[in-house]
Amino acid sequence: MCAVGAAALSAMAPAARAGTEAHFTPGAPGIGDPYFPLEGNGGFDTRHYDLSFSYDPAGDRLEGLAVITAKATQNLSRFDLDLQQLDVSSVTVGPQRAEFARDGQELQITPKQPIPDGRTFTVAIHYGGVPQTIVGSPVVFGSPYGFLHTDDGAFMGDEPNAASTWFPVSDHPADKATYTFRVTVPKGLGVVANGTLMYDVDAGDKSLWVWDEPLPMASYLATADIGHWLVKQGRTPGGIPEYVAVDPVLPDVTVDGVTKSALDFFYDSTAEAGDLWSQTFGPYPFDVIGAIADNATYDGRPLGFSLETQTKPVYSAVRNAGTIAHELAHQWFGDSVSVATWDNIWLNEGFATFAEYLWGEHTGAGSAHDAFLADYSRPATSAFWNQAIADPQRDTMFASAVYRRGGMTLQALREKIDDDDTFFRILKTWTSTHEYGNGTTAEFTALAERISGLDLGAFFQTWLYTPSKPTTW
Ligand SMILES: [Zn+2]
539 MCAVGAAALS AMAPAARAGT EAHFTPGAPG IGDPYFPLEG NGGFDTRHYD LSFSYDPAGD
599 RLEGLAVITA KATQNLSRFD LDLQQLDVSS VTVGPQRAEF ARDGQELQIT PKQPIPDGRT
659 FTVAIHYGGV PQTIVGSPVV FGSPYGFLHT DDGAFMGDEP NAASTWFPVS DHPADKATYT
719 FRVTVPKGLG VVANGTLMYD VDAGDKSLWV WDEPLPMASY LATADIGHWL VKQGRTPGGI
779 PEYVAVDPVL PDVTVDGVTK SALDFFYDST AEAGDLWSQT FGPYPFDVIG AIADNATYDG
839 RPLGFSLETQ TKPVYSAVRN AGTIAHELAH QWFGDSVSVA TWDNIWLNEG FATFAEYLWG
899 EHTGAGSAHD AFLADYSRPA TSAFWNQAIA DPQRDTMFAS AVYRRGGMTL QALREKIDDD
959 DTFFRILKTW TSTHEYGNGT TAEFTALAER ISGLDLGAFF QTWLYTPSKP TTW
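Residue numbering for the sequence shown follows the numbering used here, starting at 539 and increasing by one per position.
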């Protein structure tokens, strides 16, 4: 466990021997995010989550076994996972029972044998309870979020910190992993999760649904939605495998005088936007594209909720294609290339808003330049402009400026470069060089300067870092 051999150790003074033992230390309780210091965990990288759980809407209870494969990045005497509210009944590390304790959202695990740096290990947690929806968070989301109990099942939308309300997790986008979901529900209900359906099987009055996401995923993008579903599968015209599931109670949708079933509306819009973004931002990064449209409410009110859950965004009371285009743009900007830390959130929302501008060009609704002008027309005295979006602060990380000013920043950059080949080469290089990884604002601005050959220091200073309305750039 230590570089010092047994013979040398026995010759040492007791104080020195104690020093060698101190090489094994607890992993940090957080991964180091400036907005969410306890999210994620230090001392290891997760590689795979194998999540088995049962859920019965009749009692809202979840009973789970999470088996997590991870690799130690330091000599670990103890390590944490994030888990909110739910009860833990046992923890094993490898084949051995481990001690555990709870401290707020930290599940502290002390393995029988300390874990050497570089060692791959598994930790298995038996847990259960009634997952609690997050309501009234100081962070501006405009909606309850996390684990939502629906009339026929459940719906999970966890950004930024709610995955830990339904499974033990290193809950930060800097620690991506692959996922397998094995979800048992009453027979007659279905489950739709990230990735590909491997199989489903009935046993007695239950059915088991197994989904696999083999590409790295940030924890907040995990979802495994339970209920009654209408499903449509196929391929987009561009050839991407597609899987769309909608709640049968959703009403028809009329767009531009054309009425479609909700299933066809989500299927067609997803195919159209997925293919467009594949041409615009680079090849689609995942194995399957789709949508999960549910009838989710909280306190009897429909949730105006959508989230870019990986491979299949979740939608509730959302019936417009612009939102679908926004969530699918996130598959490149947010899902494949995730924020390194949450203060970089405009790299998600600003880019997805810029994609809405492009969607307007595509559908003929109006040019991106006009969409820019509509956003830019806010008076200089508006509080909208008082936010420096490169570091928007935790409680305002989802304020409209992060979205709209972020979108404006990219359209302004496009017009400053004044050459679409160069501008879109920046976006495609960004998505390819950071694929399945993380990015920061500083990395993006450096890439934009390198590819354009322009000195963009003043431009980005004005648009990203200055809390007032840009006038020249
Ligand atoms: Zn978004």
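Backbone N, C-alpha and C define an ideal beta-carbon position, used for all residues, glycine too.
Taking 7 Å as the cut-off, is the beta-carbon of residue i closer than that to any non-hydrogen atom of ligand 1?
| i | result |
| --- | --- |
| Glu-899 | no |
| Glu-894 | no |
| Asn-579 | no |
| His-864 | yes |
| Glu-637 | no |
| Ala-890 | yes |
| Glu-601 | no |
| Glu-887 | yes |
| Glu-780 | no |
| His-868 | yes |
| Glu-810 | no |
| Glu-953 | no |
| Glu-751 | no |
| Glu-846 | yes |
Taking buried to mean at least 16 other C-beta atoms within 10 Å of its own C-beta, is residue i buried or exposed?
| i | result |
| --- | --- |
| Phe-998 | buried |
| Gly-581 | buried |
| Ser-627 | exposed |
| Gln-848 | buried |
| Tyr-737 | exposed |
| Gln-651 | exposed |
| Ser-876 | buried |
| Lys-725 | exposed |
| Arg-942 | buried |
| Glu-780 | buried |
| Ser-548 | In this prediction, Ser-548 has a pLDDT of 35, which is less than 50 and means its spatial position is unreliable; what the coordinates show is noted afterwards. That one is exposed. |
| Tyr-895 | buried |
| Met-550 | Caution is warranted here: a pLDDT of 38 is assigned to Met-550, below 50, making its placement in the model unreliable, and no coordinate value can be reported. |
| Glu-751 | buried |
| Asn-858 | exposed |
| Val-730 | buried |
| Pro-706 | buried |
| Gln-634 | exposed |
| Gln-612 | buried |
| Ala-809 | buried |
| Ser-1006 | exposed |
| Pro-698 | buried |
| Gln-869 | buried |
| Asp-951 | For the record, residue 951 in the displayed sequence is Leu; it is not Asp. Leu-951 comes out buried. |
| Tyr-1003 | exposed |
| Ser-702 | buried |
| Asp-713 | buried |
| Ala-639 | exposed |
| Arg-720 | buried |
Write down the C-beta distance between residue i and residue j rounded to the nearest angstrom, noting that I regard them as a contact closer than 8 Å.
| i | j | result |
| --- | --- | --- |
| Leu-841 | Leu-600 | The Cβ separation is near 20 Å, so there is no contact. |
| Ile-647 | Val-629 | 5 Å |
| Thr-925 | Ala-939 | The residue you asked about is not Thr; residue 925 is Gln in the sequence shown. Sure, about 4 Å apart at Cβ, within 8 Å. |
| Thr-947 | Gly-888 | 6 Å |
| Met-755 | Thr-718 | The Cβ separation is near 11 Å, so there is no contact. |
| Leu-985 | Trp-968 | 6 Å |
| Gln-623 | Leu-576 | The Cβ separation is near 15 Å, so there is no contact. |
| Asp-625 | Gly-667 | 5 Å |
| Asn-882 | Phe-871 | In fact, because the Cβ distance is near 11 Å, the residues do not count as touching under 8 Å. |
| Val-571 | Trp-884 | It is Asp, not Val, that sits at residue 571 in the sequence shown. Asp-571 to Trp-884, Cβ: 16 Å. No contact. |
| Gly-680 | Ala-700 | 15 Å between Cβ atoms; not a contact. |
| Asp-832 | Val-852 | 7 Å |
| Ala-867 | Ala-890 | 5 Å |
| Asp-837 | Leu-753 | With a Cβ gap of about 36 Å, Asp-837 and Leu-753 do not count as contacting. |
| Asp-598 | Pro-567 | Contact doesn't hold; Cβ gap of about 29 Å is too wide. |
| Val-784 | Leu-759 | At roughly 20 Å, the Cβ-Cβ gap does not stay under 8 Å, so Val-784 and Leu-759 are not in contact. |
| Ala-636 | Pro-649 | 5 Å |
| Ala-973 | Ser-905 | According to the sequence as given, residue 973 is Glu; it is not Ala. Contact flag wrong, Cβ pair sits at about 30 Å. |
| Leu-727 | Asp-763 | 10 Å between Cβ atoms; not a contact. |
| Ala-863 | Ala-811 | 4 Å |
Which full runs of the beta strand (DSSP E) of 3+ residues lie inside the segment 811-843, going along the chain? Counting only runs of 3 or more, we get 827-831.
If we require 3 or more residues per run, which beta strand (DSSP E) segments fall completely within the segment 621-645? Inside the segment 621-645, DSSP marks whole beta strand (DSSP E) runs of 3 or more residues at positions 625-631 and 637-641, from first to last along the chain.
Where are the beta strand (DSSP E) runs, 3 residues long or more, that stay fully inside the segment 753-807, in chain order? Counting only runs of 3+ residues, the beta strand (DSSP E) found wholly inside the segment 753-807 occupies 762-765, 768-773, 779-784, 791-793 and 796-798, in chain order.
Which residue spans inside the segment 833-898 form an unbroken alpha helix (DSSP H) run of at least 4? Listed in chain order, the complete alpha helix (DSSP H) runs (minimum 4 residues) inside the segment 833-898 are 859-867.
Threshold first: 4 residues or longer. Then list the alpha helix (DSSP H) segments lying entirely within the segment 910-973, N to C. With a minimum length of 4 residues, the unbroken runs of alpha helix (DSSP H) contained wholly in the segment 910-973 fall at 938-955 and 958-971.
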